[in-house]
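Trainee: To start, I am sharing the structure in question, which I have written as structure tokens.
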Amino acid sequence: MTGVSITGTGIYPFGRHGDITATQMGAEAVRDALADSGVGRSIDAAFCSTAYGGVAAGHRVMGELALTGIPIVDIEAGCA
Numbered sequence: 001m002t003g004v005s006i007t008g009t010g011i012y013p014f015g016r017h018g019d020i021t022a023t024q025m026g027a028e029a030v031r032d033a034l035a036d037s038g039v040g041r042s043i044d045a046a047f048c049s050t051a052y053g054g055v056a057a058g059h060r061v062m063g064e065l066a067l068t069g070i071p072i073v074d075i076e077a078g079c080a
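Numbering of the sequence shown is given in the working numbering, commencing with residue 1 and proceeding in unit increments.
This is the structure we're talking about:
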């Protein structure tokens with residue numbers, strides 16, 4: 001039997017951050033989520049949801065962290 005568990009969360013502070021890219025903000029949130037989870041860098045898949053984040057935002061974030069080679073699902077909700 002397989003299941004899904006969310007074991008950690010992370011968020012970048014809300015606000016304007018003119019000198020930091022969205023990819024860098026996402027990478028910091030993922031670092032926080034991994035630290036919160038206690039699983040280290042052992043993950044099976046990544047899901048990235050953005051609003052106007054651009055093509056492959058999750059792939060860019062995970063690439064920034066050298067966490068590739070897993071399924072990375074990008075969900076764009078610009079009209080939501």
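By construction, the Cβ of each residue, glycine as well, lies at the ideal position given by its N, Cα and C atoms.
Excluding the 5 residues flanking ALA56 on each side, which residues of the same chain have their C-beta closer than 7 angstroms to its C-beta?
Mentor: Excluding residues within five positions, the ones whose Cβ falls inside 7 angstroms are ASP74.
Trainee: Are GLN37 and GLY15 closer than 8 angstroms when you measure CB to CB?
Mentor: It should be pointed out that residue 37 corresponds to Ser in this sequence rather than to Gln. No, the pair does not count as a contact, with Cβ atoms beyond the cut-off.
Trainee: Buried or exposed for GLY40, please, with buried defined as at least 16 other CB atoms from any protein chain shown within 10 angstroms of its CB.
Mentor: The residue is exposed, with fewer than 16 neighbouring Cβ atoms inside 10 Å.
Trainee: List the endpoints of the continuous beta strand (DSSP E) containing SER49.
Mentor: Looking at the DSSP string, the run of the beta strand (DSSP E) that includes SER49 is 46 to 50.
Trainee: Which value, in whole angstroms, describes the spacing of the CA atoms of ASP32 and ILE11?
Mentor: Rounded to the nearest angstrom, the two C-alpha atoms are 7 angstroms apart.
Trainee: So, with DSSP's three-state summary, where would you put ASP19?
Mentor: Residue state, collapsed to three classes: coil.
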